[in-house]
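What follows is one structure encoded as structure tokens, with my remarks underneath.
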Amino acid sequence: MNAPFAPADLSHPLFTRPDVQRMREDMALALRAAAHFGLGEGVCNHFSMALPDGQHFLLNPRGLMWSEVQADDVVMVDAQGAVVAGGHVVEPTAMFIHAAVHRIARKTCVLHTHMPYASALTLTTQRALDTTLSQNAMRFHGRLAIDAQYNGFALDDSEGERIATAMQGADISFLGNHGIIVCGERMDYAFDDLYYLERACQAQVLAQSTGVPLAPCDPALAATVAEQANGERLQSTLFFEALRRKLP
């Protein structure tokens, strides 16, 4: 088993570029914010960001709580999983899942969590959020994929590629008996989706727990709400910047 620390190399020219430094800061903030809202799980689960060169991506380190991750803790890896810069090692399943999703889905940000309410819905026969229920759920209407085939830990390229292919280009995938993946072009947008996805799943689980029949909206209305919510993302940026001010 790998120790969490490796010889530090923070001098790689790509790793230290100002735009990549900002990306490392954003990813570390997203991890700390996810921990703040209870979306993490021990030292497991992973966030990643593809770098502009198309050959490397950033990944959170193995063995650190999300609440303690800072920009210099973030690791830069190549497509084969080799650590190119950073003072930590990476977790194998992170590499197999994230490398495949970056390569196949072509998303900049890939956030994989086992957050409680979303994961709870992956255990049901429906497998996912009903996007015709709450207003928060409707923002995801037409954006979800369901991967109901759970095969255990993703410990090889083929399983990572299967997960990525099952997304079919969707921003969000519910992984049966497992957790979720949220993708985005920017970290502020991706984190905002992660946060509101869990809120929507929480509302659905609580509503279902009453035993009273649910009251979904017309799918056409859900599609309209999704267009409204995703047509202007300033609120996502404002939320992320508020977190930057408030969280250490």
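In the numbering used here, the protein residues as written are 18 to 265. Glycine included, every Cβ here is placed at the ideal spot set by N, Cα and C. Bear in mind that the values here come from a model prediction, so they are computed numbers and not experimental data.
Exposure of residue i, with buried meaning 16 or more beta-carbon neighbours within 10 Å
i	result
Gly248	exposed
Glu244	exposed
Tyr238	Going by the sequence as given, residue 238 is Leu instead of Tyr. When all chains shown are included, Leu238 counts as exposed.
Thr227	exposed
Val91	buried
Gly71	exposed
Ala259	exposed
Arg49	buried
Cα-Cα separation, residue i to residue j
i	j	result
Ile197	Glu42	23 Å
Leu46	Ala171	26 Å
Asn19	Val106	Bear in mind that the predicted position of Asn19 carries a pLDDT of just 49, short of 50, making it unreliable; the figure below should be weighed with that in mind. Distance between the alpha carbons of Asn19 and Val106 is about 7 Å.
Leu27	Thr142	46 Å
Ala165	Met93	31 Å
Val242	Leu138	22 Å
Met82	Gly55	12 Å
Arg34	Ala99	20 Å
Gln38	Ala88	7 Å
Asp95	Arg144	33 Å
Asp209	His29	30 Å
His53	Val222	21 Å
Val229	Val86	42 Å
Leu192	Gly169	11 Å
Ala240	Cys234	10 Å
Ala232	Asp173	42 Å
Contact check, residue i vs residue j, beta carbons under 7 Å
i	j	result
Met44	Phe64	yes
Ala220	Ser151	yes
Val199	Leu128	yes
Arg262	Tyr206	no
His131	Tyr167	no
Tyr134	Glu215	yes
Ala162	Gln185	yes
Thr149	Phe157	no
Arg79	Glu108	yes
Arg160	Ile189	yes
Ala122	Ala181	yes
Ala67	Thr125	yes
Leu146	Ala224	no
Residues sharing a beta bridge with residue i, DSSP
i	result
Ala67	Phe74
Glu58	Cys61
Met12	What the structure shows of the chain is the stretch from 18 to 265, and residue 12 is not part of that stretch, so it cannot be assessed.
* **Complete runs of the alpha helix (DSSP H) confined to the stretch 103 to 178 [at least 4 residues]** => 109 to 122, 133 to 139 and 152 to 155
* To do: Ignoring anything shorter than 3 residues or poking outside the stretch 181 to 249, list the beta strand (DSSP E) runs there in chain order.
  => 189 to 192 and 196 to 201
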